[in-house]
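**Student:** To start, I am sharing the structure in question, which I have written as structure tokens.
Residue numbers (the working numbering): 8 to 288.
Next up, the structure:
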């Protein structure tokens with residue numbers, strides 16, 4: 008029997024496009040994790056790779072005290088897209104740069120030439136969003152909500168009253184699930200204090216923050232915590248991770264605590280955030 012062996016000539020490595028997309032999105036999320044933005048928590052959706060869930064704690068200014076949920080909708084042809092991502096809030100916010108109809112933050116002023124993959128990032132989008140809550144002095148003809156812009160310029164007190172209503176509305180629904188995130192395991196949920204769930208996590212965070220156990224990482228703690236609850240020792244488990252993390256905020260001020268001795272621990276509640284860590288661990 009004669010056989011023929013076809014010669015395979017060397018050429019460029021072919022990587023499926025969907026893998027390139029997933030790697031690009033993972034790199035974007037890794038950048039946010041390496042350089043967190045104060046007061047902002049984000050997490051990729053488990054159901055839709057082109058969506059990130061987020062919440063911003065506005066700590067000062069006219070919207071100070073606001074806790075606003077949002078979703079970043081990433082173009083389906085990312086990262087090659089020239090279209091901008093969309094930042095859509097879950098509640099109406101009376102703001103010169105937020106559309107009163109679809110609740111979308113206008114990014115046109117910060118990205119006038121569209122999306123440029125070589126110089127833009129999703130972290131940059133988050134920074135622009137954060138700054139939008141501290142700067143409202145925009146020309147009315149360039150605002151997506153000209154009514155809010157005019158009110159801010161001509162009747163500042165009235166604008167502050169409406170902004171305060173938005174803040175109070177966000178705080179009143181702080182424990183509510185966001186409709187579009189209800190069935191997503193990575194949805195960001197704010198939960199009341201539960202000692203059985205949160206006490207160990209809080210003590211460990213204090214210990215790590217105090218520098219008394221500097222060699223242990225957050226990933227180490229996540230694994231140890233869940234496995235101890237299941238009756239395992241960490242040394243018995245290899246190659247598994249605990250995809251949950253916790254932070255906490257002052258329930259009176261509704262702001263994230265950055266120094267744990269700023270509030271009595273009996274008054275603290277936790278923010279439970281589901282995140283994807285597979286690309287980071």
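All residues carry an ideal CB built from backbone N, CA and C; glycine is no exception. Quick caveat, the model's predicted, so the values are computed rather than measured.
1) Would you be able to state if there are at least three C-beta pairs under 8 Å between the stretch 170-184 and the stretch 63-81?
2) Buried or exposed for residue 172, please, with buried defined as at least 16 other CB atoms from any protein chain shown within 10 angstroms of its CB.
3) Specify the secondary structure class of residue 163 as computed by DSSP and reduced to three states.
4) Closest by CA to residue 96, which one among 112, 88, 84 and 122?
5) Kindly give me the distance between the Cβ atoms of residue 44 and residue 134, rounded to whole angstroms, as I take these residues to be in contact under 8 Å.
6) Give the straight-line distance between the Cα atoms of residue 198 and residue 93, rounded to the nearest whole angstrom.
7) Can residue 63 and residue 46 be called in contact, C-beta distance under 9 Å?
8) Given this structure, state the Cα-to-Cα distance separating residue 115 from residue 79, to the nearest angstrom.
9) Leaving out the 5 sequence neighbours to the left and right, which residues in its chain are closer than 7 Å to residue 188 when beta-carbon positions are compared?
10) Would you say residue 33 and residue 191 are within 9 Å of each other, going by their C-beta atoms?
11) List the residues that DSSP assigns as beta-bridge partners of residue 61.
12) Decide if residue 245 is buried, meaning its Cβ has at least 16 other Cβ atoms within 10 Å, or exposed.
13) At the level of alpha carbons, what is the spacing between residue 20 and residue 87?
14) Quick check: what's the CA-CA separation for residue 75 versus residue 162?
15) Check each candidate in 149, 103, 214 and 209 and name the one with the smallest Cα separation from residue 155.
**Tutor:** Taking the geometry as given:
1) Put simply, the stretch 63-81 touches the stretch 170-184. At least three CB pairs are less than 8 Å apart.
2) Residue 172 is classed as exposed because its beta carbon has fewer than 16 other beta carbons within 10 Å across all chains shown.
3) helix
4) 112
5) Right, their Cβ atoms sit about 6 Å apart.
6) 27 Å
7) Between residue 63 and residue 46, the C-beta spacing is below 9 Å.
8) 15 Å
9) 60 and 194
10) no
11) 49 and 77.
12) Legend: pLDDT at residue 245 = 40, less than 50; position of this residue unreliable, value from coordinates given subsequently. By the 10 Å Cβ count, residue 245 comes out exposed.
13) Each residue's CA atom was taken as its position, placing residue 20 and residue 87 some 19 Å apart.
14) One C-alpha to the other measures close to 24 Å.
15) 103
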